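Here's the structure, in structure tokens; my notes come after.
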Amino acid sequence: MASARADVKRAERIFGALLCVRPERAFGHIGMATALLNAGRAGDAATRLASARTSAGEETDLVQAFLGLSLQLDGRAGEAMRVLRPVAARGDNGNTADTTEGVRLAQRLLGQPVGIPGSAQQPGLSTSPS
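Residues 5 to 134 (the working numbering) are what the sequence shown spells out, left to right.
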């Protein structure tokens, strides 16, 4: 609720506590970033996500995809593409069962078909809020 309502102070308490317990998990980082995004503070969300240290794999993919989204919303399309492309490419192994939520989000943000081998090679950055 705090994230959806852009209640940054409350989100800071809630997600800060989660991050104290599970700093390597994506949920706390993304929850806080979502509150900042909903408050119109995409640059702050990007800064927070860029400094997040999560476990490798799915957690990192998701944080990096949200970092790309934050950068895109902050008007930093070039930086967003540099962050999103390697995440999207991790889904290019031909096995859609291995594709993480972060990989699928990165592919969508880049305007690529989701989970289709070879799709990570397509350039572009979606400007639609899909």
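All C-beta atoms, glycine included, are put in the ideal place defined by N, C-alpha and C.
Computed from a predicted model, the values in this text were never measured in an experiment.
Residue i versus the options, residue with shortest Cα-Cα distance
i: R66; options: N42, R112 and L40; result: Contrary to the premise, residue 66 reads as Leu rather than Arg in this sequence. Nearest option by C-alpha distance: R112.
i: D48; options: V91, E62, M85 and E16; result: E16
i: R108; options: V25, L73, F19 and L41; result: L73
i: I18; options: G32, E28, L88 and A84; result: G32
i: Q68; options: A81, L23, L53 and E28; result: L53
i: M36; options: G20, R29 and E28; result: G20
i: T58; options: M85, R26 and L88; result: R26
i: V87; options: I34, A50 and L23; result: A50
Three-state secondary structure assigned by DSSP to residue i
i: R108; result: helix
i: G32; result: helix
i: A43; result: coil
i: G20; result: helix
i: A15; result: helix
i: P133; result: Note that P133 has pLDDT 47, beneath the 50 cutoff, so the model's placement of it is unreliable and the number below is only indicative. Here P133 sits in coil by DSSP.
i: A49; result: helix
i: V118; result: coil
i: A37; result: helix
i: A56; result: coil
Residue range of the alpha helix (DSSP H) that includes residue i
i: Q68; result: E62 to L77
i: P90; result: A81 to A93
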